[in-house]
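Those letters in the sequence shown? Residues 15 to 490, per my numbering, in order.
We treat Cβ as the ideally placed atom computed from N, Cα and C, and that holds for glycine.
Because the structure is a prediction, the values reported are computed rather than measured.
Below you'll find the structure, written out as structure tokens, and then a few comments.
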Amino acid sequence: MASVNYLHGVETVELDSPSGPVDTVKSNVIGLVGTAPDADPTLFPLNTPVAVFANSLMAGQLKTAGTLLDGVDAIYSQKAATIVVVRVEEGDKRAETWSNAVGSPTLRTGIWSLLNARPILKVVPKILVAPGLTQDRPANGLVSALITDPGKDYVQNTTNIVFAAPPAGGRVARGVVQVVGGRVTGISVTDPGYGYDAPPAVTITGAGTGATATASLGLVANPVGKALSSIVDRLRAVALLDGPGTNYADAVSYRNDYGSQRVGIIDPGVLAYDIESSAYVARPASAYAAGIQARIDNEKGFWYSFSNEEIQNIGGSARPIDWMPNDAESEANLLNSQQITTIIHDNGFRFWGLRGTGNDPLWAQLSVRRTADMIYESLEYAERSRLDKPFSYQLLDAIQRDVNSYLTLLKTRGALVGGKAHIDKNKNTPQTFAGGQLTVGFDLEPPACLEHLIFEAVRNPEYYVDFIEQFARLSV
Numbered sequence: 015m016a017s018v019n020y021l022h023g024v025e026t027v028e029l030d031s032p033s034g035p036v037d038t039v040k041s042n043v044i045g046l047v048g049t050a051p052d053a054d055p056t057l058f059p060l061n062t063p064v065a066v067f068a069n070s071l072m073a074g075q076l077k078t079a080g081t082l083l084d085g086v087d088a089i090y091s092q093k094a095a096t097i098v099v100v101r102v103e104e105g106d107k108r109a110e111t112w113s114n115a116v117g118s119p120t121l122r123t124g125i126w127s128l129l130n131a132r133p134i135l136k137v138v139p140k141i142l143v144a145p146g147l148t149q150d151r152p153a154n155g156l157v158s159a160l161i162t163d164p165g166k167d168y169v170q171n172t173t174n175i176v177f178a179a180p181p182a183g184g185r186v187a188r189g190v191v192q193v194v195g196g197r198v199t200g201i202s203v204t205d206p207g208y209g210y211d212a213p214p215a216v217t218i219t220g221a222g223t224g225a226t227a228t229a230s231l232g233l234v235a236n237p238v239g240k241a242l243s244s245i246v247d248r249l250r251a252v253a254l255l256d257g258p259g260t261n262y263a264d265a266v267s268y269r270n271d272y273g274s275q276r277v278g279i280i281d282p283g284v285l286a287y288d289i290e291s292s293a294y295v296a297r298p299a300s301a302y303a304a305g306i307q308a309r310i311d312n313e314k315g316f317w318y319s320f321s322n323e324e325i326q327n328i329g330g331s332a333r334p335i336d337w338m339p340n341d342a343e344s345e346a347n348l349l350n351s352q353q354i355t356t357i358i359h360d361n362g363f364r365f366w367g368l369r370g371t372g373n374d375p376l377w378a379q380l381s382v383r384r385t386a387d388m389i390y391e392s393l394e395y396a397e398r399s400r401l402d403k404p405f406s407y408q409l410l411d412a413i414q415r416d417v418n419s420y421l422t423l424l425k426t427r428g429a430l431v432g433g434k435a436h437i438d439k440n441k442n443t444p445q446t447f448a449g450g451q452l453t454v455g456f457d458l459e460p461p462a463c464l465e466h467l468i469f470e471a472v473r474n475p476e477y478y479v480d481f482i483e484q485f486a487r488l489s490v
């Protein structure tokens, strides 16, 4: 019987093509969140990411009221153009505006709308700002809850604490309790809320009886800044937040609300010329920094920092910051030592400082964090075509070669000091292969930015030998 695959002739079988070179993801997309109550709602619907790009006519439809147009102007003034705008409703009170900007993770409103940029706009915001909404801290949030009676017969798993809600526009505080031996021994505030006009009533529920506590109000973290810090890891983005701009102590206190490698604090703001009042006015600096970083990404590369870059179109910093390059006690250096970026004057006004607020010294610089993030995401996108293909020597070799080729390319461009991929047989076992899993390890070293340049100088009297010999020759 003849085989069904019999052929007396020649045929061509098309095999899977290699994935080709790895393309680096777009790093200079700015996510801008703010208010614009007079904006055209058809162009800028609430809680919806909208791509503005370089369309100044479209951006003008934001109108002057609110924070968004000022933010777009600041970005455009630094020659950056790729912006994803999320417009949120402006409330009657500051707390209401904050709540609208914070939005809901479930409903994808407010800042969480930025997560919809990729499915809707096919871009991912990588530099997040909310100028005008992050610089102040609520003075009416819940900072502590003191136990006044521990009660009895409580059980840890069934005991809860409830704080009364603030007036309309605020956010209710939340907390958890600790129970030891049937007694409530501690209360941790997990969300301080804001907008209270008096300490809220505290109710402890559960199987036990008698536990009571009193709450205290005070300064708490800016809710919009905290919301931005909640999504930076998911987007592999950085958030640039505006500090209070009042004094050094307030800036440090503000900075201590954060601890993320992907969150940077800028203090103070800038003086920008306002064409309506025909005067220089204080404005948040974050949009200017985002604009510079986006431009630098495009012109030089994502491994460069916006620090030590001149800020265009401003008249100065909102408050003077003293700086000398060799003065460790200058306010600029003191702010930098606390992981706060500031503004100095040195042949123009410049951002000064390039650190995030994380506590890992290996990832202290925002530029290092961003470089690694861009590489990780670029490789993930590039190799997705390999998924769902059967295991073969060719598949493993192709993936390893793709990674090594990309790391080598980045090294030649200056984006990496070095990097190399490998497939470890100890991590890739018959069980992991049978389960459809492959682990490809690689190391990399993003280039850190030079922060501390040291010149070592000593006196050398031996130069007088040449000096006197030269004099002797001249005097003959």
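{"Query": "Extent of the continuous alpha helix (DSSP H) run through L128", "Result": "Note, L128: premise wrong, no alpha helix (DSSP H); not H, not E."}
{"Query": "Complete runs of the alpha helix (DSSP H) confined to the region 411-460 [at least 4 residues]", "Result": "444-448"}
{"Query": "Whole-number beta carbon distance between A265 and I354, since they are thought to touch under 8 Å", "Result": "6 Å"}
{"Query": "Close beta carbons around A95, own chain, < 7 Å, minus the five adjacent residues each side", "Result": "F67 and A68"}
{"Query": "Residue span of the alpha helix (DSSP H) that contains T111, given as start and end", "Result": "R108 to V116"}
{"Query": "Whole runs of the beta strand (DSSP E) within the region 233-271, excluding any shorter than 3 residues", "Result": "252-256"}
{"Query": "Cα-Cα separation, L349 to G372", "Result": "15 Å"}
{"Query": "Length of the line joining the Cα atoms of H359 and G330", "Result": "8 Å"}
{"Query": "C-beta atoms of R151 and N236 nearer than 8 Å", "Result": "yes"}
{"Query": "In DSSP terms, what A227 is bridged to", "Result": "I161"}
{"Query": "Assigned secondary structure, W366 (DSSP; H/G/I helix, E/B strand, else coil)", "Result": "strand"}
{"Query": "Same chain only: Cβ atoms within 6 Å of F58, ignoring 5 sequence neighbours per side", "Result": "V64 and R101"}
{"Query": "Element boundaries [alpha helix (DSSP H), containing N474]", "Result": "Here N474 belongs to no alpha helix (DSSP H), and DSSP marks it neither H nor E."}
{"Query": "Proximity to T78 [Cα-Cα], best of A88, E103, Q92 and A50", "Result": "A50"}
{"Query": "Y287 in three-state terms, based on DSSP", "Result": "strand"}
{"Query": "Unbroken beta strand (DSSP E) run spanning I280, endpoints", "Result": "V277 to I280"}
{"Query": "Closer than 7 Å: E103 CB and nearest the ligand FAD heavy atom", "Result": "The ligand FAD is absent from the structure shown, which contains no ligand whatsoever."}
{"Query": "Bounding residues of the beta strand (DSSP E) (the contiguous stretch that carries N174)", "Result": "N174 to F177"}
{"Query": "Where V431 falls, given that 16 or more other Cβ within 10 Å makes a residue buried", "Result": "exposed"}
{"Query": "8 Å contact criterion, which L128 and I245 should meet: CB distance rounded", "Result": "6 Å"}
{"Query": "Nearest residue (CA-CA) to G433, options N440, N442 and T422", "Result": "T422"}
{"Query": "Backbone CA spacing between P139 and R132 [nearest angstrom]", "Result": "8 Å"}
{"Query": "Residue environment, L249, which counts as buried when at least 16 other CB atoms sit within 10 Å", "Result": "buried"}
{"Query": "Cβ pair T310, Y302 closer than 8 Å", "Result": "Position check: residue 310 holds Ile in this sequence, whereas Thr was assumed. Contact flag unset, no."}
{"Query": "Pick from F365, Q352 and S399 that is closest to G378, judged by C-alpha positions", "Result": "Position check: residue 378 holds Ala in this sequence, whereas Gly was assumed. Cα-wise, what sits closest to A378 is Q352."}
{"Query": "Straight-line Cα distance separating T123 from N130", "Result": "10 Å"}
{"Query": "Opposing strand residues paired with R188 [DSSP bridges]", "Result": "D205"}
{"Query": "Extent of the continuous alpha helix (DSSP H) run through L380", "Result": "L380 to A396"}
{"Query": "Member of P404, S406 and D416 whose CA lies at the smallest distance from the CA of S392", "Result": "D416"}
{"Query": "Whole alpha helix (DSSP H) elements within the region 310-382, 4-residue minimum", "Result": "345-351"}
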